[in-house]
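What follows is a short report on a single structure.
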Amino acid sequence: MVPGLAYFLVFQYGALIVNVVAFKDYVPFAGLWGSPWTGLGNFQQLFQDSAFWHAAFNTAWIALLQLVFYFPVPLALALLLHSLTWSTVRRFVQSVVYLPHFISWVIVVAMFQQVLGGTGMLNGYLGDAGLHTVDIIGNPDAFKPLLIAQVIWKDTGWGTIIFLAALSQVDEQQYEAAAIDGAGPWRRFWHVTLPAIRPVVVLLLIMRLGDILSVGFEQMLLQRDAVGPQAAEVIDTFVYYKGIVGGDYGLAVAAGLFKGVVGAVLVYTANKIAHRLGEQGVYR
2 MVPGLAYFLV
12 FQYGALIVNV
22 VAFKDYVPFA
32 GLWGSPWTGL
42 GNFQQLFQDS
52 AFWHAAFNTA
62 WIALLQLVFY
72 FPVPLALALL
82 LHSLTWSTVR
92 RFVQSVVYLP
102 HFISWVIVVA
112 MFQQVLGGTG
122 MLNGYLGDAG
132 LHTVDIIGNP
142 DAFKPLLIAQ
152 VIWKDTGWGT
162 IIFLAALSQV
172 DEQQYEAAAI
182 DGAGPWRRFW
192 HVTLPAIRPV
202 VVLLLIMRLG
212 DILSVGFEQM
222 LLQRDAVGPQ
232 AAEVIDTFVY
242 YKGIVGGDYG
252 LAVAAGLFKG
262 VVGAVLVYTA
272 NKIAHRLGEQ
282 GVYR
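Note that the numbering used here has the sequence shown beginning at 2, numbered continuously upward.
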């Protein structure tokens with residue numbers, strides 16, 4: 002456990018001390034403690050910046066789309082794999098759908114560009130057939146659906162692992178008893194499967210809410226220039242361009258701290274709602 006604990010202590014909890022930069026006019030040469038205090042000045046500047054609110058709106062909209070369209074897909078795939086009776090076929094399908102998770106976003110975005118870009122394979126076929134070509138990659142209006150498609154293709158297989166583990170704990174005798182009582186596939190799912198995996202679904206949903214404003218920094222950064230910041234600017238890219246590129250470290254850390262506070266509030270609220278509904282949630 003030591004390497005895992007060291008990772009969290011150094012890169013997660015230890016890094017929290019850098020949040021003090023959000024309350025300072027940080028100068029790298031002066032250091033963390035030598036930079037002058039500004040109090041809430043960075044937050045005032047942040048909340049008056051229309052670019053930040055545009056990035057926050059984009060982030061919230063993309064996060065909502067991912068929650069609605071991506072979150073149920075791993076569960077549906079897990080149910081499909083669990084229903085397969087041939088273990089060899091199930092293991093093969095699992096291996097195939099897991100693989101995209103280990104491919105970097107650089108390669109994934111390049112693959113989508115090769116297929117859906119202005120000079121990609123799709124337009125090559127359309128051009129050969131004498132049809133009108135479309136540039137999906139460079140179209141800002143198609144950017145958000147494209148993002149969801151990329152996330153589903155890349156991470157759905159990996160997201161099924163926990164659901165499959167939960168499904169494996171369901172007692173098969175309950176299915177047999179329900180079938181004897183005349184319950185069809187849908188009623189067995191509704192009265193046996195769903196109650197058994199509901200705690201896991203609630204737990205993952207709450208954890209997802211805590212990270213909901215992190216919608217994929219690399220994925221956004223790699224495609225931002227193709228569609229422009231109006232469509233692809235999110236809080237993470239805003240922090241990158243303001244802090245790393247622009248050198249306004251105090252403003253960038255303030256934006257990151259704001260994102261973290263919103264995530265913490267969402268987790269706390271969702272956990273309280275789960276308790277009121279009789280679920281265990283993340284913590285008591």
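Beta carbons: idealized from backbone N, C-alpha and C, even for Gly.
Here the structure is a predicted model, which is why all the values come from computation and not from measurement.
Terminal residues of the alpha helix (DSSP H) in which residue i lies
i: Q174; result: E173 to I181
i: E219; result: F218 to V228
i: P129; result: For the sequence presented, residue 129 should be read as Asp rather than Pro. M122 to D129 is the extent of the alpha helix (DSSP H) around D129.
i: Y269; result: Y250 to R277
Nearest-angstrom Cα separation, counted from residue j out to residue i
i: A256; j: A178; result: 54 Å
i: R1; j: E234; result: Examination of residue 1 is not possible in this model, given that the chain is present from 2 through 285 alone.
i: V268; j: Q281; result: 13 Å
i: T238; j: P230; result: 9 Å
i: Y176; j: P186; result: 9 Å
i: V152; j: Q13; result: 25 Å
i: V116; j: M122; result: 5 Å
i: L223; j: A167; result: 35 Å
i: R277; j: A197; result: 19 Å
i: R188; j: A77; result: 16 Å
i: G211; j: A61; result: 13 Å
i: K260; j: A7; result: 25 Å
Residue i - DSSP class collapsed to helix/strand/coil
i: W87; result: coil
Cβ-Cβ distance between residue i and residue j below 8 Å
i: R199; j: F72; result: no
i: L214; j: I245; result: no
i: I63; j: V216; result: yes
i: V1; j: L80; result: Nothing about residue 1 can be reported from this structure: the residues present for the chain run from 2 to 285 only.
i: A232; j: P141; result: yes
i: T157; j: V28; result: no
Can at least three beta-carbon pairs, one atom from the segment 86-98 and one from the segment 151-165, be found at a separation below 8 Å? yes
I'd like to know if the segment 35-42 and the segment 214-223 are in contact, where contact means that at least 3 CB-CB pairs between them fall below 8 Å. no
Any contact between the segment 136-149 and the segment 79-87? By contact I mean 3 or more CB pairs, one from each, below 8 Å. no
Is there contact between the segment 124-135 and the segment 50-57, where contact requires at least three CB pairs shorter than 8 Å? no
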